[in-house]
Amino acid sequence: MNRFEYVRAESVAHAIQALATPNAQALAGGTNLVDLMKYDVARPTRVVDINRLPLRAIEEMPDGGLKIGALVSNSDLAWEPRIVKRYPLLASAILAGASAQLRNAATTGGNLLQRTRCYYFYDPSTPCNKRQPGSGCSAALGINRIHAVLGASEHCIAVHPSDMCVALAALDAIIHLEGPDGPRKLPFGDFHRLPEDRPQDDNTMRPGELITAVELPRSDFIESYTYLKVRDRLSYAFALVSVAAALRIDRGAIIEARIALGGVAHKPWRDRKVEDCLCGKVPDESTFAECAASILRDAKGRGQNDFKIELARRTIVRGLRQAAANMPQDQADKVVR
Amino acid sequence: MSENFNSGGVPLTLTINGVRRSLSVEPWVTLLDLLREQLELTGTKKGCDQGQCGACTVLVDGKRLNACLILAVSKDGTEVTTIEGLARNGELHPLQVAFVERDAFQCGYCTPGQICSAAGLLAEGHAHSRAEIREQMSGNICRCGAYTNIADAIGAVLRDSAREAAE
Numbered sequence: 000m001n002r003f004e005y006v007r008a009e010s011v012a013h014a015i016q017a018l019a020t021p022n023a024q025a026l027a028g029g030t031n032l033v034d035l036m037k038y039d040v041a042r043p044t045r046v047v048d049i050n051r052l053p054l055r056a057i058e059e060m061p062d063g064g065l066k067i068g069a070l071v072s073n074s075d076l077a078w079e080p081r082i083v084k085r086y087p088l089l090a091s092a093i094l095a096g097a098s099a100q101l102r103n104a105a106t107t108g109g110n111l112l113q114r115t116r117c118y119y120f121y122d123p124s125t126p127c128n129k130r131q132p133g134s135g136c137s138a139a140l141g142i143n144r145i146h147a148v149l150g151a152s153e154h155c156i157a158v159h160p161s162d163m164c165v166a167l168a169a170l171d172a173i174i175h176l177e178g179p180d181g182p183r184k185l186p187f188g189d190f191h192r193l194p195e196d197r198p199q200d201d202n203t204m205r206p207g208e209l210i211t212a213v214e215l216p217r218s219d220f221i222e223s224y225t226y227l228k229v230r231d232r233l234s235y236a237f238a239l240v241s242v243a244a245a246l247r248i249d250r251g252a253i254i255e256a257r258i259a260l261g262g263v264a265h266k267p268w269r270d271r272k273v274e275d276c277l278c279g280k281v282p283d284e285s286t287f288a289e290c291a292a293s294i295l296r297d298a299k300g301r302g303q304n305d306f307k308i309e310l311a312r313r314t315i316v317r318g319l320r321q322a323a324a325n326m327p328q329d330q331a332d333k334v335v336r
Numbered sequence: 000m001s002e003n004f005n006s007g008g009v010p011l012t013l014t015i016n017g018v019r020r021s022l023s024v025e026p027w028v029t030l031l032d033l034l035r036e037q038l039e040l041t042g043t044k045k046g047c048d049q050g051q052c053g054a055c056t057v058l059v060d061g062k063r064l065n066a067c068l069i070l071a072v073s074k075d076g077t078e079v080t081t082i083e084g085l086a087r088n089g090e091l092h093p094l095q096v097a098f099v100e101r102d103a104f105q106c107g108y109c110t111p112g113q114i115c116s117a118a119g120l121l122a123e124g125h126a127h128s129r130a131e132i133r134e135q136m137s138g139n140i141c142r143c144g145a146y147t148n149i150a151d152a153i154g155a156v157l158r159d160s161a162r163e164a165a166e
């Protein structure tokens, strides 16, 4: 690990002031940052410890939503009764990720800022445009079994690793940020970005900004939902493909649909046009198959990850079937029904 | 107000296994390395050192965490419990007894992490079935493959504590 200056922030204003220096990094749970520092992938000159900031509350919002402080741990969030009752899709997605120890440490804000687990990003001896802009993409012609099939560019084919973010994308969460120019809010879909020619930028945060909260708008997706994650082993592995599906069904027809995919792109993947097309349709196998084909119409494999396109198609269909049947995936017994 | 530490040690107070310690620790030292290298508490094991195996699991303010992924300075003021701190007055913790009785280990290297993790699992109270024990212990790898007996041992203690709570 490189040597760095350690600053213990005592307030949000103090943290923002301390982060206003090149190559400063905020430290919350540390589950990804400390790991990246050990691999010499992250080499901050200053680490700003934000763990003392008053960002651990879960507050009611006037619209019936909830505002989650950036430092609320993943486990506290997943087991919080209001989340379990009103946002079960989010609770399920969180429990599908990582391990109990990591969820105890990892925070709401930090989860959004996880870096990709692309093998080449993690290996400083290889070229990687995300780690070292302009050096090339080793995965494009290398080992790319886990890599993106949607929205990739010639510069980067990495995927975003989070499960929680897939549910947040489906739930239209709002990110609260605070920085040198004051506070602002971003719709979840505008937070993470596709790699294009700037894969070094995972998201649209401005220099020196801090995530202070994640807001969940009021949600009626409490019955017909699922988070279905497919991976190489049953637990404690990143998704090859995951699907957050949420439906509202009235008198035998879909009246609202949300579908977000994990493991397939540089950001949680949503296609609102396809969601809109589902409205008015009967929730049956042909509707689900048509929906999956539409979402994946531009999917592109790179050889080793070709299987992910078919896997994603089947996972979308299975996820929609679970959601429509009010049979969310059980994250403990893992049997896919 | 602000405290900047340009180099050297950062003052740090931790209560470790019930003993309050005032320390000076460089900010890049992990909690795992502090315990093992500076405080001679070598019961906590270094496995992968990357948060993947769980051998370094300890309890911080009662919650199980991977000590290898924590900068020690970020835990100022907390209570840390390691495998050395689970026994009370010469009596083994019920999980330690159950692991011995049910032969829940072979080489033993993952065992301190398994037991601390299981103590965290019991305190969390979210495991009610064998499938839930297995899932909630998935952050602890055992390369000998003693999982069957590990799950048995934890299940036995879980049943005993449920019985005690009911009485």
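Chains as they are written, first to last, in numbering that gives the first Met the number 0: chain A, 0 to 336; chain B, 0 to 166.
Note that the Cβ used here is the ideal one computed from N, Cα and C, for glycine as well.
The structure presented is a predicted model; accordingly, all values stated were derived computationally and were not measured.
Please say whether residue j and residue i have beta carbons closer to each other than 9 Å?
{"i": "A:E195", "j": "A:S152", "result": "yes"}
{"i": "A:L18", "j": "A:T225", "result": "no"}
{"i": "A:A322", "j": "A:A259", "result": "no"}
{"i": "A:R114", "j": "A:V6", "result": "no"}
{"i": "B:D60", "j": "B:E83", "result": "no"}
{"i": "B:R142", "j": "B:C106", "result": "yes"}
{"i": "A:R296", "j": "A:E274", "result": "no"}
{"i": "A:E214", "j": "A:H175", "result": "yes"}
{"i": "B:A66", "j": "B:V156", "result": "no"}
{"i": "A:S98", "j": "B:S137", "result": "yes"}
{"i": "A:S234", "j": "B:R63", "result": "no"}
{"i": "A:I15", "j": "A:L112", "result": "no"}
{"i": "B:G42", "j": "B:G53", "result": "no"}
{"i": "A:K129", "j": "A:A157", "result": "yes"}
{"i": "B:T56", "j": "B:P111", "result": "yes"}
{"i": "B:L31", "j": "A:D48", "result": "no"}
{"i": "A:S241", "j": "A:N325", "result": "no"}
{"i": "B:I149", "j": "B:Q51", "result": "no"}
Could you name the residues of chain B that residue i contacts, counting a contact when the two beta carbons are closer than 7 Å?
{"i": "A:G29", "result": "L68, I69, L70 and S73"}
{"i": "A:K228", "result": "Result: empty, since nearest Cβ-Cβ is about 13 Å, beyond 7 Å."}
{"i": "A:R2", "result": "W27"}
{"i": "A:D34", "result": "Q49, G50 and L68"}
{"i": "A:N50", "result": "S73"}
What is the DSSP secondary structure of residue i, counted as helix, strand or coil?
{"i": "A:R114", "result": "coil"}
{"i": "A:H13", "result": "helix"}
{"i": "A:K280", "result": "coil"}
{"i": "A:R301", "result": "coil"}
{"i": "B:A67", "result": "Here residue 67 of chain B is Cys; the residue named in the question, Ala, does not match the sequence. Three-state DSSP puts B:C67 in a helix."}
{"i": "A:W268", "result": "strand"}
{"i": "A:Q100", "result": "helix"}
{"i": "A:P186", "result": "strand"}
{"i": "A:V24", "result": "The sequence shown places Gln at residue 24 of chain A, rather than the Val named in the question. Correct three-state label for A:Q24: strand."}
{"i": "A:I142", "result": "coil"}
{"i": "A:N73", "result": "helix"}
{"i": "B:N148", "result": "helix"}
{"i": "B:G17", "result": "coil"}
{"i": "B:N3", "result": "At B:N3, the pLDDT of 45 sits below 50, so the modelled position is not reliable; the number obtained from the coordinates is stated separately. Residue state, collapsed to three classes: strand."}
{"i": "A:A259", "result": "strand"}
Starting from the beta carbon of residue i, find every residue of chain A whose beta carbon is closer than 7 Å, and list them in chain order.
{"i": "B:D151", "result": "Near B:D151 there are no residues of chain A at all, since even the closest Cβ is about 18 Å away, more than 7 Å."}
{"i": "B:A130", "result": "A331 and D332"}
Name, please, each residue of chain A whose Cβ falls closer than 8 Å to the Cβ of residue i.
{"i": "B:L64", "result": "Q100, N103 and A104"}
{"i": "B:G53", "result": "S98 and Q100"}
{"i": "B:D48", "result": "K37"}
{"i": "B:G138", "result": "A97, S98, A99, Q100, L101 and Y235"}
{"i": "B:T56", "result": "Q100"}
Residue i versus chain B: which residues are under 9 Å apart at the beta carbon?
{"i": "A:Q330", "result": "E134"}
Please compile the residues from chain A whose C-beta is within a distance smaller than 9 Å of the C-beta of residue i.
{"i": "B:V9", "result": "Y5 and R7"}
Flag residue i as yes when its Cβ comes closer than 8 Å to any non-hydrogen atom of the ligand GDP, and as no otherwise.
{"i": "A:A69", "result": "No copy of the ligand GDP appears in this structure; indeed no ligand is present at all."}
Which residues of chain B have a Cβ atom closer than 8 Å to the Cβ of residue i, listed in chain order?
{"i": "A:V46", "result": "P26 and L70"}
{"i": "A:L26", "result": "L70 and S73"}
Tell me, please, whether the CB atom of residue i is closer than 9 Å to any CB atom in chain C?
{"i": "B:T56", "result": "Among the chains of the structure shown, chain C does not appear; the protein chains present are A and B."}
**Asked** Can we say the segment 102-109 of chain A touches the segment 239-254 of chain A, given the rule of at least three CB pairs closer than 8 Å?
**Response** no
**Request:** Select from the segment 96-127 of chain B all residues with a C-beta closer than 8 Å to any C-beta belonging to chain A, and list them in chain order.
**Result:** S116, G119, L120, E123 and H125
**Asked** Between the segment 22-45 of chain B and chain A, which residues of the former have CB atoms less than 8 Å from a CB of the latter, in chain order?
**Response** P26, W27 and T29
**Message:** With three or more C-beta pairs closer than 8 Å as the rule, is the segment 279-299 of chain A touching the segment 21-30 of chain B?
**Reply:** no
**Item:** Touch test, the segment 28-47 of chain A against the segment 77-84 of chain A, Cβ-Cβ under 8 Å, three pairs minimum
**Value:** no
**Prompt:** What residues in the segment 61-78 of chain A have a beta carbon less than 7 Å from any beta carbon of chain B?
**Reply:** W78
**Message:** Could you check whether the segment 108-123 of chain B touches the segment 144-164 of chain B, counting it as contact only if at least three pairs of C-beta atoms, one from each stretch, sit closer than 8 Å?
**Reply:** yes
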